[in-house]
Structure formats: structure tokens, C-alpha cells
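Visitor: Please see the structure below; I have some questions.
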Amino acid sequence: MKAIIPVAGAGTKLRPHTYTQPKALIPIAGKTILSFIVDQLQEAGITEFIFIVGYLGDKIKDYVSQTYPDLTAHFVYQNERQGTGHAIELTRNIVAGDEVFVVLGDTICEYDIQEVINSPYSMLGIKKVDDPRHFGVATINEAGFIEQLVEKPSIPKSNLALVGLYKIKETDILFECLQHLFTNNTAEAGVYHLTDAIDCMIQRGAKFQAFKVKNWFDCGKKESLLESNATLLKKFGGNTSEEHNYPHTIIIPPVSIAPGCEISHSIIGPHVAIGANTHMQHSIVRDSIIGSYTHLFEVVLDNSLIGSDASVKGLSRSLNIGDNTEIDFG
């Protein structure tokens, strides 16, 4: 089985951070979004990965090469943003008929991955949502098999949303259906949906079972990213460097502080993730994500997302600033 991770999107809802950093590399709970995905798949025994990159794709490639030097990794460039269906089509030659596990590059979920991998059927991850009109929606029969998939229906037939997890056994039928979409030009506003290709597979006899995820962590925008950061820190307990020595500082767990940070006369936590080599003095920070190589001096931050190489001085309550930024509230 090969894993396919599409990470070519621009992540516009997380700007200004995604002007300089791919969405998949945004930090959360002491890791990146991409690391949560790759680590989970590796632990399940998957060793070969296909990354579909585009916007800031070289940063994805460098990160994977440095963080996972032993990983069998392929990089496919999606230069035109024509949707997940188009992205998966680009992997046809590398997949070469093998089973695939597709995980969208902003999808962090809790589920029994071994049960999914060992299932004799293709599988799709689902979760009940309040407003399914913004998602791909699955209709399921009594036996647990999917009867129909519809992308962002105006009148949904169910509230079971696709979360971005797809285990596909019949990849030959998948690529036939993708080709069918292109031949018949079924794109909506220039976008080909993987949902439509899988629905085509179902109509041609492929059997898909649904599996429910326990938790689905939304990393799509600032507010939900910070909420997911807090939840993941609570779950995994956070971490701090073993060599840390933060004079006159109070740490309220759960907190994640990367190595190389210099912190003094501050109060950190709860629910704070701080990147490597950040300097912080006389500050109070809670419910926030702070990037690497950032300088904070005499600030009060709450529900803030601060990029890397940023400098903030003075006093503030809530910020959403990108990399290489300097702000002085003095």
C-alpha cells in the first residue's frame, strides 16, 4: 500500500502565515500538521509516500527530506489547481496498480488505522457534522456500504461528511473513473473532485465501507487551529526540552516548548506551543501558537498565532501575523 498526501493548496484561510509557509507545515502541538499525518501512517506500517506539491512545494520537499531521511518519498507537482481528482490522477504511474491510502494534507484524525488497512473493502472516513453543505457527503445503507457520494450538496441527504481519509483498493477503476471525469469535462469551476471519481467507482461496482473517526481536528483557519492545538496538547500532554532552564517563569501545562528557547520572567500556558530558539521575556502567553526564532518582550498574548522570525514588543491581546514580521506596541 502507498500513501498519497495532497499538499498543493495555498491555504488562503490561514494567511498571512501561508504566504511564506505551506499550510501542511504550520506548527500545532509541538509538531507540524504534516508530521501528524506521516507519523500516523508510518506507525501503521506504510513506508512509501507520494506527496502532491504545488504552492511552496520545495519547502515540503526539503522538510520531508530532512525530517524523514529514510522515507521512500515521491514528489509530484500539481502546477494547476484543478482539485483533488486532478491531483490524484497525476500519481497514476507511481501507484502502478497498488492499493492507496489518500489523506488530505490538512486532515488530522483519530481512528483505528489498522482496522481500516486490514479491511477487505475500500474505506472512507466520515463524521457527523451540523452543516454538511460544505463537505462531501456520504449516503450509507444498512450494511454500512456507501451508496452515493455528493460534493457539497445544496440539499444533503445525510449529515455524514467525508473527513479526507480514503483507502482505495481498486485503483485501476479509480483511474478509469478519473479519466471519465476529464473526458466528459465534469469540472465545477475548473475543479475535478475526488468525491465524484469515487462515486463513479461505486456505480461501477466497487464496494466502499464507511468508518467513523473518533476526532477530527480542523486546521483550516486560525480559530479552529488554536482549538485543535489545545485539544492535542491536552491529549498528548505537551512537552518541554529536557535541558530547559527558564528563570522566574511559571509554566501551566499542557505546554510544548521546543529546544533552544530562552524564556524568563514569564507565564506560559495553558495550551501554548512554542517553536525552537524563541526568546521570551516579561510576557504572558496562553492559548497560542508561537513560531521558531521569534522574540516576544513585554507582551500579553491570548488566542494568538505568531509566525517564525517575528518580533513583538509592547502589549497586545490577540494577533494573527505572519513570518518575518516586527511589531512594536511601545
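According to the numbering used here, the sequence shown is numbered sequentially starting from 28.
Backbone N, C-alpha and C fix where the C-beta goes; we use that ideal spot for every residue, glycine too.
Expressed to the nearest angstrom, what Euclidean distance is found between the alpha-carbon atoms of S304 and G191?
Guide: The sequence shown places Asn at residue 304, not Ser. Taking the straight line joining both Cα atoms gives about 34 Å.
Visitor: To the nearest angstrom, how far is the alpha carbon of E70 from that of N168?
Guide: The straight-line gap separating the alpha-carbon atoms of E70 and N168 is approximately 32 Å.
Visitor: Please state whether DSSP places A233 in a helix, a strand or coil.
Guide: coil
Visitor: Could you name the residues of the same chain whose beta carbon sits closer than 8 Å to that of I229, not counting the 5 residues immediately before and after it, in chain order?
Guide: I173, E174, Q175, L176 and F235
Visitor: Please classify L281 as buried or exposed, where buried requires at least 16 other C-beta atoms within 10 Å of its C-beta.
Guide: Position check: residue 281 holds Pro in this sequence, whereas Leu was assumed. Burial call: buried.
Visitor: With DSSP as the reference, label N304 as helix, strand or coil.
Guide: For N304, the secondary structure class from DSSP, reduced to helix, strand or coil, is coil.
Visitor: Using a Cβ-Cβ cut-off of 8 Å, state whether D125 counts as contacting chain B.
Guide: Absent here is chain B; the protein component of the structure consists of one chain.
Visitor: Considering only the alpha carbon of each residue, which of D157, I31 and V299 lies closest to E134?
Guide: Looking at the sequence itself, residue 134 is Thr, so the reference to Glu does not match. For the residues D157, I31 and V299, the minimum Cα distance to T134 belongs to I31.
Visitor: Just how far apart, CA to CA, sit N242 and Q308?
Guide: Using only the alpha carbons, I get a separation of about 36 Å.
Visitor: Since S283 sits in a beta bridge, which residues does DSSP pair it with?
Guide: N266 and A300
Visitor: What first and last residue would you give for the alpha helix (DSSP H) that runs through F202?
Guide: That run of the alpha helix (DSSP H) goes T198 to T210.
Visitor: Output the distance between the C-alpha atoms of I60 and L52, rounded to the nearest integer angstrom.
Guide: 6 Å
Visitor: Is the number of C-beta pairs between the segment 324-337 and the segment 258-278 that are closer than 8 Å three or more?
Guide: no
Visitor: Compute the Euclidean distance between the alpha carbons of I348 and I290, then round it to the nearest angstrom.
Guide: 21 Å
Visitor: Just tell me which of I144, K179 and I354 has its CA closest to the CA of I73.
Guide: I144
Visitor: Using a Cβ-Cβ cutoff of less than 7 Å, which residues in the same chain neighbour L201 once the five nearest sequence positions on both sides are dropped?
Guide: I195, A224 and M228
Visitor: Is E116 near L205, with beta carbons less than 8 Å apart?
Guide: Contact: yes.
Visitor: Would the beta-carbon of V122 fall within 8 Å of that of K29?
Guide: yes
Visitor: Apart from the five residues just before and just after H161, which ones in its own chain have a Cβ nearer than 7 Å to its Cβ?
Guide: K179
Visitor: Might you give, ordered along the chain, the residues of its own chain that have their beta carbon closer than 7 Å to the beta carbon of A37, omitting 5 neighbours on each side?
Guide: Within the same chain, and ignoring the five residues on either side of A37 in sequence, the residues whose Cβ sits closer than 7 Å to its Cβ are T45 and Y82.
Visitor: How far does the alpha helix (DSSP H) with I64 in it extend, from its first residue to its last?
Guide: I60 to E70
Visitor: From which residue to which residue does the alpha helix (DSSP H) around S345 run?
Guide: Neither: S345 is in no alpha helix (DSSP H) and is coded neither H nor E.
Visitor: Sort out for me which residues DSSP pairs Q175 with in a bridge.
Guide: T166
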